[in-house]
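Enquirer: Quick one: the structure is below, and I'll ask about it shortly.
Numbering (full-length UniProt numbering), first residue to last: 1 to 141.
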């Protein structure tokens, strides 16, 4: 539509469309649209897709998108990882969160306070008080 009116979509236009499609449950369509249009994915677009797939319970696809991001030379940040960590905890997949934390550490990315808190809450819910305490100590050091 924009192109028919002489306008060229920009990063923000594609990001808004990606977010809207993900919220509507059309994550695969959002991703394939961007690929089909040859849009170079930015950190924001990747994070939007990762959020969409994560919230839908597709954490495997979300984790694969992070790897795709890295291979494309787009560096994930603490917010990108936090989206996935939050979704894993919400889905009661704490065990899957630890390799993600390891990836962050290996890549020199610090976890957000919100992500730490989410992880600690899930650890406490699962009765892993000692692990939650160690994570708290790690967070404040």
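A virtual CB, placed ideally from N, CA and C, is assigned to each residue, including glycine.
Does residue 55 pass the burial test, meaning 16 or more other C-beta atoms within 10 Å, or should it be called exposed?
Expert: What you label residue 55 is simply residue 55 of the chain shown in a count that begins at 1. Buried: at least 16 other Cβ atoms inside 10 Å.
Enquirer: Using a Cβ-Cβ cut-off of 8 Å (strictly less than) and excluding sequence neighbours within five positions of residue 11, which residues of its own chain qualify?
Expert: One-based indexing of the chain shown puts residue 11 at position 11. Closer than 8 Å at the Cβ level, and outside the excluded window around residue 11, lie 42, 44, 45.
Enquirer: Considering only residues of the UniProt repeat "PPR" (112-141), which uninterrupted alpha helix (DSSP H) runs meet the minimum length of 4 residues and lie entirely inside it, listed in chain order?
Expert: 113-125, 129-140
Enquirer: My output table needs one value for residue 155: the three-state DSSP class, helix, strand or coil.
Expert: Any question about residue 155 goes unanswered here, given that the chain covers just 1 to 141.
Enquirer: Determine the DSSP secondary structure at residue 45, reduced to helix, strand or coil.
Expert: Here residue 45 is taken as the residue at index 45 of the chain shown, counted from 1. Of the three classes helix, strand and coil, the one that applies to residue 45 here is helix, per DSSP.
Enquirer: Which one of 116, 122, 126, 125 has the shortest CA to CA distance from residue 137?
Expert: Against the chain shown, residue 137 aligns to sequence position 137. Of the listed residues, the one whose Cα sits closest to residue 137 is 116.
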